[in-house]
Amino acid sequence: MVSTQQLTKIAIASGCAGLGVTAATEFAGVADTLQRREEAGLAGKLRFTYKDPARAADVRRSFPWAESIIVVSWPYMPAAGDPGPGTPATGRIARFAAEDQYRGLRGALSTIEEHLLTEDWRAMPIVDDDRLVDRAAAVRAGVGWWGKSSMVLDPRFGPWLLLGSVITDALLDRTEPVSRDCGTCTACIPACPTGAIVEPGVLDASLCLAHWTQSGGVIPRHLRSAMGDRIYGCDECLAACPPGQKAMPGGPVGPGRIDLLQFLALDDAGLLATYTNFYVPKNKPRFLRRNALVALGNATATARTGATEEELAETLAVLAGYLGSPDEIYRIHAAWAIGRVGGAVAARIIEHQLDVEKTDRVAVELQLSMREISSALS
Ligand code: B12
Ligand code: SF4
Ligand code: SF4
Numbered sequence: 085m086v087s088t089q090q091l092t093k094i095a096i097a098s099g100c101a102g103l104g105v106t107a108a109t110e111f112a113g114v115a116d117t118l119q120r121r122e123e124a125g126l127a128g129k130l131r132f133t134y135k136d137p138a139r140a141a142d143v144r145r146s147f148p149w150a151e152s153i154i155v156v157s158w159p160y161m162p163a164a165g166d167p168g169p170g171t172p173a174t175g176r177i178a179r180f181a182a183e184d185q186y187r188g189l190r191g192a193l194s195t196i197e198e199h200l201l202t203e204d205w206r207a208m209p210i211v212d213d214d215r216l217v218d219r220a221a222a223v224r225a226g227v228g229w230w231g232k233s234s235m236v237l238d239p240r241f242g243p244w245l246l247l248g249s250v251i252t253d254a255l256l257d258r259t260e261p262v263s264r265d266c267g268t269c270t271a272c273i274p275a276c277p278t279g280a281i282v283e284p285g286v287l288d289a290s291l292c293l294a295h296w297t298q299s300g301g302v303i304p305r306h307l308r309s310a311m312g313d314r315i316y317g318c319d320e321c322l323a324a325c326p327p328g329q330k331a332m333p334g335g336p337v338g339p340g341r342i343d344l345l346q347f348l349a350l351d352d353a354g355l356l357a358t359y360t361n362f363y364v365p366k367n368k369p370r371f372l373r374r375n376a377l378v379a380l381g382n383a384t385a386t387a388r389t390g391a392t393e394e395e396l397a398e399t400l401a402v403l404a405g406y407l408g409s410p411d412e413i414y415r416i417h418a419a420w421a422i423g424r425v426g427g428a429v430a431a432r433i434i435e436h437q438l439d440v441e442k443t444d445r446v447a448v449e450l451q452l453s454m455r456e457i458s459s460a461l462s
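According to this note's numbering, the sequence shown is numbered sequentially starting from 85.
Written out as structure tokens, the structure reads:
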């Protein structure tokens with residue numbers, strides 16, 4: 085016999101914060117919401133669940149045999165720690181990815197899967213999959229409530245939870261949605277550096293820094309300063325969330341803080357082998373380096389007074405190397421980063437590149453950087 089109660093015990097013993105069960109029926113209104121948000125330009129460049137909203141809102145389209153969705157939440161604070169204060173030439177990885185927090189979640193889902201299989205039920209673990217809007221399942225299963233940041237929260241860990249599910253043909257007892265909500269709190273909305281939470285529960289992904297660190301293309305100029313020293317993900321709206329703050333202290337300081345010059349020195353194979361848990365846009369590590377160039381410009385500009393002349397010279401030399409690259413993506417972001425670092429040496433590097441640059445798009449970036457450096461120097 086398999087029961088919701090028994091599965092809850094297994095999940096908690098495996099390290100989950102909670103488990104809930106909901107029917108494998110369609111999530112009312114979710115496909116429409118995805119479609120409307122995409123039409124309104126709120127989906128940004130990411131596809132995932134937006135590829136096929138009807139499928140993502142109804143697991144039976146992918147698993148016709150499904151009866152129940154077992155949803156678990158995986159807490160990762162305080163274990164994921166804190167990247168600590170910024171320093172020149174260091175960048176930051178969001179807590180969920182500083183170390184692979186999905187590993188524990190996947191382990192817990194496998195334990196649940198094995199238990200169901202032993203009892204002769206079908207079971208399909210599913211995490212971060214285009215075929216399910218994880219949060220819709222979590223909210224209906226009562227694992228947490230929908231926060232205004234669009235995160236699913238629980239009272240113990242706030243938003244510091246990953247979500248995962250096991251789809252099964254076992255007809256299990258359902259759990260009820262939680263009655264709690266954010267109440268009058270709105271702390272995440274002003275905490276977002278780019279104003280990406282455009283209404284309670286509605287994220288404009290085209291403004292979200294987490295989105296840009298995981299997308300291809302050119303990072304819009306107006307978002308680059310706000311990226312700060314982030315190279316992967318963003319935790320700002322999570323860190324501002326009062327229900328999650330009691331779960332934050334007590335972890336290690338330092339995970340997620342990386343040396344940007346070392347990062348930029350790795351070749352493609354080295355980057356992919358070191359950051360195996362990153363979603364790499366189009367599987368092209370050049371986009372991770374693009375993030376690091378922006379972060380290097382910001383980190384150096386912000387911590388400039390703490391940097392020695394040698395450190396500044398080394399940073400500018402690395403950026404100048406990327407400015408000489410045949411890859412336009414590097415030249416655009418290096419041009420911006422050199423402008424952000426500023427100073428007389430930066431001005432000379434930009435001037436030199438303006439003499440040889442053949443691409444209009446990069447030339448415009450160089451001119452804008454030159455203007456910023458000149459106005460700061462005058
Ligand atoms: C695409 C995606 C992103 C995109 C877009 C996020 C987004 N909000 O849409 C980007 C790259 C920006 C992103 C960022 C992050 N993500 Co993400 N992401 C996903 C993914 C793959 C799909 C999400 C999706 O379909 N969104 C579609 C939109 C329409 O859904 P929604 O925002 O939840 O909108 C719903 C609410 O508005 C809701 N709603 C309905 N009624 C009501 C009522 C009220 C009062 C409210 C408030 C809302 C509400 O209706 C909408 C439709 O269901 C999921 C994995 C998956 N397969 O589900 C992970 C997932 C959502 N991401 C996750 C995480 C951890 C993050 C980050 C924290 C990572 C980081 N540190 O950088 C950030 C957080 C940013 C944020 N504030 O949301 C977790 C969230 C866990 C949790 N506790 O909620 C998920 C579930 C992955 C996982 N397996 O755990 N992510
Ligand atoms: S993840 Fe960062 S950029 Fe995205 S909504 Fe939250 S605070 Fe804003
Ligand atoms: S910061 Fe406040 S409003 Fe935002 S998700 Fe957390 S509890 Fe809800």
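Cβ coordinates follow ideal geometry from the N, Cα and C atoms, glycine included.
Go ahead and label Trp-230 buried or exposed: buried means 16 or more other beta carbons lie within 10 angstroms of its beta carbon, across all protein chains shown. buried
Three-pair Cβ contact test at 8 Å for the stretch 124-132 versus the stretch 93-104: no
Just the Cα atoms here: how many angstroms apart are Thr-109 and Ala-221? 10 Å
Spatial neighbours of Ala-387 within its chain, please: CB distance less than 7 Å, with the 5 preceding and 5 following residues excluded, ordered by chain position. Gly-170, Thr-171 and Pro-172
Just how far apart, CA to CA, sit Glu-347 and Leu-380? In the sequence under discussion, the amino acid at residue 347 is Phe, which differs from the Glu named in the question. So the two alpha carbons sit approximately 10 Å from each other.
Looking at the structure shown, is Leu-467 part of a helix, part of a strand, or coil, going by DSSP? Coverage of the chain is limited to positions 85 through 462, which leaves residue 467 absent and any answer about it impossible.
Just reading off the alpha helix (DSSP H) that Gly-104 is part of, what are its end residues? Unbroken run through Gly-104 is the beta strand (DSSP E), 102-107; no alpha helix (DSSP H).
Give me the Cβ distance between Arg-258 and Ala-107, rounded to the nearest whole Å; I'm assuming they're in contact under 8 Å. 6 Å
Considering only the beta carbon of each residue, do Ile-303 and Ile-251 sit closer than 9 Å? no
To the nearest whole angstrom, what separates the beta carbons of Leu-216 and Ser-157, a pair I think is in contact under 8 Å? Wrong, their Cβ atoms sit about 15 Å apart, outside the cutoff.
Neighbourhood of Ala-280 by C-beta distance below 6 Å, restricted to the same chain and skipping five residues each side: Leu-287, Asp-288, Leu-291 and Cys-292
Buried or exposed: Val-114, going by 16 or more other Cβ atoms within 10 Å of its Cβ? buried
Tell me where the alpha helix (DSSP H) around Ile-433 begins and ends. 428-440
Leu-377 and Pro-369 - do their beta-carbons sit closer together than 9 Å? no
Ligand 3 and Met-85: does any heavy atom of the ligand fall closer than 8 Å to the residue's C-beta? no
Report yes if the C-beta distance between Ile-342 and Ser-249 is below 9 Å; otherwise report no. no
What are the residues that DSSP puts in a beta bridge with Tyr-316? Ile-177
Across the stretch 176-188 and the stretch 133-140, are there enough close Cβ pairs to call them in contact, namely three or more that are closer than 8 Å? no
Would you say Ser-234 touches ligand 1, meaning its beta carbon is less than 8 Å from a heavy atom? yes
Which residue wins for smallest C-alpha separation from Asp-116, given the options Ala-140, Leu-103 and Gly-102? Ala-140
When you compare each of Arg-120, Gly-328 and Leu-307 to Ala-271 by their alpha carbons, which one comes out closest? Gly-328
On the criterion of 16 or more Cβ atoms from any shown chain inside 10 Å, does Lys-232 qualify as buried, or is it exposed? buried
Taking 8 Å as the cut-off, is the beta-carbon of Leu-193 closer than that to any non-hydrogen atom of ligand 1? no
If I'm right that Gly-335 touches Gly-226 with Cβ under 8 Å, what's the distance once you round it to whole angstroms? With 8 Å as the limit, Gly-335 and Gly-226 do not qualify as a contact, their Cβ atoms being about 27 Å apart.
Looking at C-alpha atoms only, which residue of Val-446, Val-282, Arg-305 and Ala-324 is the closest neighbour of Arg-121? Val-282
Taking only three categories from DSSP, how would you classify Gly-390? helix
In this structure, what does DSSP give as the bridge partners for Leu-246? Trp-158
Buried or exposed: Asp-351, going by 16 or more other Cβ atoms within 10 Å of its Cβ? exposed
Glu-456 to Leu-450, Cα distance in whole Å? 10 Å
With which residues is Pro-209 paired in a DSSP beta bridge? Val-250
Using the C-alpha atoms, what's the distance from Tyr-160 back to Gln-185? 7 Å
Would you decide whether Val-337 is buried or exposed? Buried here means 16 or more other CB atoms lie within 10 Å of its CB. exposed
Looking at Ser-146 and Ala-254, is the spacing between their C-beta atoms short of 9 Å? no
From which residue to which residue does the alpha helix (DSSP H) around Asp-116 run? 114-123
Give me the residue from Pro-326, Ala-419 and Glu-203 with the minimum Cα distance to His-436. Ala-419
Arg-139, enclosing alpha helix (DSSP H) - first and last residue: 137-140
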